[in-house]
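Asker:
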Amino acid sequence: MKAIISDIHGNLEALQAVMADIKSQGITDVYCLGDIVGYGPNPRECVDLVMECKLVILGNHDQGAMFDPDGFNKSAEQAIFWTRQQLESSGEPRATREKRWEFLAERPRSHRENGHLFVHGSARNPLNEYVFPEDVYNQRKMERIFALVERYCFQGHTHVPGVFTDSMQFMSPDEVEFNYKLDGRKTLCNVGSVGQPRDGNWRSCYVVLDNDTIKFRRVEYEWQKTREKIYEIPDLDNFLGDRLGEGR
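Residue numbers (the working numbering): 133 to 380.
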């Protein structure tokens, strides 16, 4: 049994709540699908916590912190430049800062394990491609993505949880009553977002993979506390805090 998390985005309160929920179930194997940083006010603390995960994939915001951000909107770009400053000049020992940078730099873009593929974006473009629920109507795109999947693919990036089947169907967690049985057919699973859900539900989302069953979990956290931290940082747009309570 393993927990799969994604898109933390510097939201320490959300990450701590999710890790506590994982621990309460006796789960020790945690896979993270990237975007540890970006948008949120606690990048250093979130990187330190995620270092304890068994697997961590590179996200596009993680890469943006190391290099120039590609394709980011203005608020996201400003946030990632602020994040870089926090990682570079935190007033902490040099060895501590270097450990974080080395950790981010060593992250793989994808990981295959027993027919399971783990990416941040998609099987076709592990770092940057979004796969939205409405893409089930883009048959050519989905066919090309499914062609690269051996059996099951777990991804994040859109912050919208749910399951895609190769019959061009998307099912939200609510539609599958938060449990989905894998049956051997090719399946994509978006595990949702820990730190910035965008499916209209403000609660953190992640999944537990229990043998052949995907279990979606929603976890409450003190999002108002995260919002207030964002408000106090001029380089972070207030919108990034407001959206936390709306799940958008």
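Backbone N, C-alpha and C define an ideal beta-carbon position, used for all residues, glycine too.
1) Contact between the stretch 369-377 and the stretch 204-217: three or more CB pairs below 8 angstroms?
2) Figure out for me which residue from 154, 184, 191 has the closest Cα to the Cα of residue 140.
3) Measuring alpha carbon to alpha carbon, tell me which of 215, 159, 351 ends up nearest residue 145.
4) In the DSSP assignment, the beta strand (DSSP E) including residue 242 goes from what residue to what residue?
5) Tell me the residue span of the beta strand (DSSP E) that contains residue 351.
6) Does the Cβ of residue 278 lie closer than 6 angstroms to at least one heavy atom of the ligand ATP?
7) Can you tell me the Cβ-Cβ gap for residue 197 and residue 219, rounded? I've got them flagged as a contact below 8 angstroms.
8) What's the C-alpha gap between residue 185 and residue 276?
9) For residue 295, name the three-state secondary structure that DSSP assigns.
10) Which residues mark the beginning and the end of the alpha helix (DSSP H) in which residue 361 is found?
11) Quick one: grab the DSSP three-state call for residue 368.
12) State the CB to CB distance for the pair residue 194 and residue 167, rounded to an integer number of angstroms; the pair is presumed to be in contact (CB under 8 angstroms).
13) Would you kindly report the start and end of the unbroken alpha helix (DSSP H) that includes residue 249?
14) Alpha carbon to alpha carbon, how far is residue 249 from residue 189?
15) Which full runs of the beta strand (DSSP E) of 3+ residues lie inside the stretch 167-200, going along the chain?
16) Please classify residue 290 as buried or exposed, where buried requires at least 16 other C-beta atoms within 10 Å of its C-beta.
Answerer: Reading it off the structure:
1) yes
2) 191
3) 351
4) 242-245
5) 345-351
6) Annotation note on the ligand ATP: not contained in the displayed structure, which lists no ligands.
7) With a beta-carbon spacing of about 6 angstroms, residue 197 and residue 219 fall inside the 8 angstroms limit used to define contacts.
8) 31 angstroms
9) Residue 295 sits in a strand when the DSSP states are folded into three classes.
10) 355-363
11) coil
12) The C-beta distance from residue 194 to residue 167 rounds to 6 angstroms, short enough to meet the 8 angstroms contact threshold.
13) Membership of residue 249 in any alpha helix (DSSP H) is not indicated; the residue belongs instead to the beta strand (DSSP E) covering 248-251.
14) 11 angstroms
15) none
16) buried
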